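Those protein sequence lines, which keep their order, are chains B and D.
For the first sequence, our numbering gives the first residue as 1, with consecutive numbering after it.
For the second sequence, our numbering gives the first residue as 147, with consecutive numbering after it.
Since the structure comes first, as structure tokens, the remarks are kept for the end.
2 protein chains.
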Amino acid sequence: MIVLIPFPGLWFTSVVYSVETIQSWCYQQGTFMSEKTLFQRIADRDIPADILYEDDTCVAFRDIAPKAPVHVLIVPRDPIPSLDHLTEAHEPLVGHLFTVARQVAASEGLIRGYRTVFNCGEEGGQEVPHLHLHLLGGRQMSWPPG
Amino acid sequence: MIVLIPFPGLWFTSVVYSVETIQSWCYQQGTFMSEKTLFQRIADRDIPADILYEDDTCVAFRDIAPKAPVHVLIVPRDPIPSLDHLTEAHEPLVGHLFTVARQVAASEGLIRGYRTVFNCGEEGGQEVPHLHLHLLGGRQMSWPPG
Numbered sequence: 001m002i003v004l005i006p007f008p009g010l011w012f013t014s015v016v017y018s019v020e021t022i023q024s025w026c027y028q029q030g031t032f033m034s035e036k037t038l039f040q041r042i043a044d045r046d047i048p049a050d051i052l053y054e055d056d057t058c059v060a061f062r063d064i065a066p067k068a069p070v071h072v073l074i075v076p077r078d079p080i081p082s083l084d085h086l087t088e089a090h091e092p093l094v095g096h097l098f099t100v101a102r103q104v105a106a107s108e109g110l111i112r113g114y115r116t117v118f119n120c121g122e123e124g125g126q127e128v129p130h131l132h133l134h135l136l137g138g139r140q141m142s143w144p145p146g
Numbered sequence: 147m148i149v150l151i152p153f154p155g156l157w158f159t160s161v162v163y164s165v166e167t168i169q170s171w172c173y174q175q176g177t178f179m180s181e182k183t184l185f186q187r188i189a190d191r192d193i194p195a196d197i198l199y200e201d202d203t204c205v206a207f208r209d210i211a212p213k214a215p216v217h218v219l220i221v222p223r224d225p226i227p228s229l230d231h232l233t234e235a236h237e238p239l240v241g242h243l244f245t246v247a248r249q250v251a252a253s254e255g256l257i258r259g260y261r262t263v264f265n266c267g268e269e270g271g272q273e274v275p276h277l278h279l280h281l282l283g284g285r286q287m288s289w290p291p292g
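In structure tokens form, the structure reads like this:
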């Protein structure tokens, strides 16, 4: 798809870009077309979701396209675009997502185990450019992991 | 398999257990049959491995049964048995494994993306009872993740 980006009063600087080009540019910059990512809108309760846990730093809710009997996303409120954008300052926050995962797994009754997954970038299968941890369980997970 | 656990001088307290029972008990306790886990022995250079990165807290080395062109394990030196054994005190360490993953992914040329996986327990597919992060890349990862 092609879109026209107009600059009011400066029609001669209007540029035609493909959506893919804009998405790629935004991904590289760590910024995105809307002000809030999908997951920020869920965390802010702008969009409904089946929220299982939340605190000051993250929110956990069920994936709308579950791939296991239990499939939960754990998302930091800070809209870090991906693992590639992590700095040392994010380490406690990222670790916190896993103690939350442990708590959610326990509350969901996953006493036989579970798997956690971060996808990063296109080949990793990342679809939303806001860091999100997948927690899957309730069935035997196979190997390889995709 | 059945094993006899003798108590010298106290033969009457010797007990016959199945290996599965002992492994299950050890897993629940977070303790294991040998003093060091396989991954501790790799980290301590008792067992050779293709080590890509190491620091005071963790070591990264290639999986000996790779499931992608790049398949690296990132293992804390602290022998935390699994995600189920994490406490808040572990959060910075667990987060650190991901900044190491980002660095290893970059040094392995995974500019198109990658996936990270923790398996926990039997249904999660965990095989070694020492927390270890799988980093996979170099091909398109599919969905679901196992």
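Idealized CB from N, CA, C, for every residue including glycine.
Predicted, not measured: the structure shown is a model, and the values here were computed from it.
Check, Outcome
"Neighbour flag for residue 109 of chain B against chain C, beta carbons, 7 Å", "Among the chains of the structure shown, chain C does not appear; the protein chains present are B and D."
"Between the CA atoms of residue 208 of chain D and residue 222 of chain D - distance to the nearest angstrom", "15 Å"
"In DSSP terms, what residue 206 of chain D is bridged to", "D/199 and D/220"
"Where residue 288 of chain D sits in the DSSP three-state scheme", "coil"
"Close beta carbons around residue 141 of chain B, own chain, < 6 Å, minus the five adjacent residues each side", "115"
"Reduced DSSP secondary structure (H/G/I, E/B, other) of residue 104 of chain B", "helix"
"Under the three-state DSSP convention, the category residue 137 of chain B falls into", "strand"
"Beta-carbon gap between residue 263 of chain D and residue 199 of chain D smaller than 7 Å", "no"
"Under 9 Å from the C-beta of residue 98 of chain B: neighbouring residues of chain D", "229, 232, 236, 237, 240, 241 and 264"
"Separation of residue 146 of chain B from residue 291 of chain D, as counted between CA atoms", "4 Å"
"Nonlocal neighbours in the same chain, by C-beta distance under 6 Å from residue 138 of chain B, ignoring five residues either side", "68, 69 and 70"
"Within 7 Å, strictly: CB atoms of residue 132 of chain B and residue 73 of chain B", "yes"
"Counted within 10 angstroms of its Cβ, other Cβ atoms place residue 257 of chain D as buried (16 or more) or exposed", "exposed"
"Inter-stretch contact at 8 Å, needing at least 3 Cβ pairs: the region 80 to 87 of chain B / the region 38 to 58 of chain B", "no"
"Residue 183 of chain D - DSSP class collapsed to helix/strand/coil", "coil"
"Residue 263 of chain D in three-state terms, based on DSSP", "strand"
"CA nearest to the CA of residue 252 of chain D, picked from B/86, B/45 and B/64", "B/86"
"Expected contact under 8 Å - CB spacing of residue 237 of chain D and residue 90 of chain B to nearest Å", "So it is not a contact: roughly 11 Å between Cβ atoms."
"Check whether residue 234 of chain D and residue 37 of chain B have beta carbons under 7 Å apart", "no"
"Simplified DSSP assignment, three categories, for residue 106 of chain D", "Since the first residue shown for chain D is 147 and the last is 292, residue 106 of chain D is missing from the structure and cannot be characterised."
"Contact set for residue 40 of chain B: own chain, Cβ-Cβ below 6 Å, skip 5 residues either direction", "79"
"Check whether residue 101 of chain B and residue 136 of chain B have beta carbons under 7 Å apart", "no"
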